[in-house]
Structures are given as structure tokens and as C-alpha cells.
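Per the working numbering: the sequence shown = residues 164 to 360.
Ideal Cβ positions, reconstructed from N, Cα and C, are used throughout, including at glycine.
As the structure is a computational prediction, the values presented were derived from the model and not from experiment.
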Amino acid sequence: MFPERIKTERLHLERISHDTVDVFSLYEFYSTGDDTTEMFEYWDSNPHETVKETYDYVDEAEQLWNEGEGAKYVIRPLKGEDGGEIIAGTTGLYPNWEKRSANLGIILDKRFWGRGYSGERADAILSVAFDRLGLELVVAAHVDKNEKSQRAIEKYVERYDGQYEGLLRNWHPQDDTVADVHRYTISREEYFEASDR
């Protein structure tokens, strides 16, 4: 149902599974490093403390995939890009089939911030959601005060004439708090109208 691999102008997205991703490389991305604290500041989980935690994460990704409940991908810049072929981040598409909608997610290594990768992978994932899966709405969201995510999301939502839906208060559990979240949507109609321009 979901594509195993997606290639964009500068990125290669590959399904997260034990057959496609080296768990040690993924652990290196998700574990504590110089930039990890900043990377995970607004994320809904903490850095991985053990390789086993990353192994379990891959198990969960496979289960989501096999049940048709979500697709998680590693993001790698293509050969020739700065940092080419190493894991720059992960992204996901999480359908809610009853609501004919899906949520997007992304986390990027700080070294890859500011390159437009979030928008480029959003273009590819939106195509999967609307062209391939026939969904009616895609939701992107960011935790309040996450200005980098806000800017990235606003760029591609605006490109597709999507909407800012508002602030969802006490929406996103994070460690010992519950954060407010800003929600944006792009409808199927908005996507196709913008794509035809």
C-alpha cells in the first residue's frame, strides 16, 4: 500500500524495517549526541538510550506498516549532497482511515536544518497521501514555540493553499507536561488545485 522507497530531487526516503535500515546507524541518529537535546526538545519521545530501544522502534515501524496504519521512513540526502547517504532524519505518514485523513511527522538531525528538506519530503508524502491512498485531508502540527517547525510547515501549507486550523491546548504529552499544538491542514482539493498551477 505504501511505497517502499521515495526519491525526490535531493532526498531518498526508505521504509524503516529490519531489512532496509541498519539498526546501529538508526541508533546513532536517535541516541544522545551533541545535537540530540535540541533535536528532541519538541518531540514526543526521548533520545534512545540503548540499541534495543532502537530495535524495538523498528519493530513498531514494521507493525504499523504491516497493519496499514502508518509508514515510517529514514531520510537520506542523495549522493552529491552535503552529508549524502547518511541518515538525516525520519518521517512518517499516519492515516486515520475512518476520517480519511493522515498526520505527518518528521525529525531531522540539526546538521540538516535550514535546507528545505522538510518541505521537499512533505511534497513527496503529500503525493502518497492524495495520489496513491486517496485520502481527503493531511494534518501537520508543531508544538507551541517550535519556531523552526512552524516556519517549515507554513511554507508548504501555504504552497498548497492549506489552512492554519488553530491552537490545540493541552494536546501533546511531553515528559511531565502537556504541550499546546498548532494544527495545519491541506485538503485533497487544495493539493490538486495548487499542483495544477
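{"Asked": "DSSP three-state assignment for Lys-365, whether helix, strand or coil", "Found": "Because the chain here runs from 164 to 360, residue 365 falls outside it and cannot be looked at."}
{"Asked": "Residue from Asp-307, Asp-198 and Thr-217 whose Cα sits closest to the Cα of Leu-189", "Found": "Thr-217"}
{"Asked": "Where the alpha helix (DSSP H) through Tyr-220 begins and ends", "Found": "214-229"}
{"Asked": "Proximal residues to Asp-207 (C-beta, below 8 Å), its chain only, five neighbours per side dropped", "Found": "His-335, Pro-336 and Gln-337"}
{"Asked": "Close-in-space but distant-in-sequence residues of the same chain around Pro-258 (CB under 6 Å, 5 per side omitted)", "Found": "Ala-265"}
{"Asked": "Span separating the alpha-carbon of Leu-241 from that of Ile-250", "Found": "10 Å"}
{"Asked": "Beta-carbon proximity check, Val-237 vs Ile-316, cutoff 7 Å", "Found": "no"}
{"Asked": "Beta-carbon proximity of Ile-270 to Gly-252, cut-off 7 Å", "Found": "yes"}
{"Asked": "Exposure of Phe-187, with buried meaning 16 or more beta-carbon neighbours within 10 Å", "Found": "exposed"}
{"Asked": "Run of the beta strand (DSSP E) containing Val-344, from where it starts to where it stops", "Found": "340-350"}
{"Asked": "Residue environment, Lys-308, which counts as buried when at least 16 other CB atoms sit within 10 Å", "Found": "exposed"}
{"Asked": "Buried versus exposed, by CB contacts within 10 Å (16 or more), Asp-272", "Found": "buried"}
{"Asked": "DSSP bridge partner residues for Ile-179 (one or two, in chain order)", "Found": "Per DSSP, none; premise fails for Ile-179."}
{"Asked": "Option nearest Glu-204 by Cα separation, candidates Thr-213, Lys-262, Glu-191 and Val-306", "Found": "Val-306"}
{"Asked": "Option in Glu-212, Glu-223, Glu-167 and Tyr-354 with minimal Cα separation from Ser-290", "Found": "Tyr-354"}
{"Asked": "Expected contact under 8 Å - CB spacing of Val-221 and His-181 to nearest Å", "Found": "6 Å"}
{"Asked": "Runs of beta strand (DSSP E) wholly within the segment 277-304 (minimum 3 residues, chain order)", "Found": "none"}
{"Asked": "Between the CA atoms of Gly-282 and Lys-262 - distance to the nearest angstrom", "Found": "24 Å"}
{"Asked": "Spatially closest choice to Pro-211 from Phe-192, Trp-228, Gly-268 and Ala-224, by CA coordinates", "Found": "It is His, not Pro, that sits at residue 211 in the sequence shown. When each option's Cα is compared against that of His-211, the closest is Phe-192."}
{"Asked": "Ala-224 CB to nearest heavy atom of the ligand NAD below 6 Å", "Found": "Although the ligand NAD was asked about, the structure shown includes no ligands whatsoever."}
{"Asked": "Cβ shell of Thr-183 (< 6 Å), same chain only, five flanking positions each side left out", "Found": "Glu-177"}
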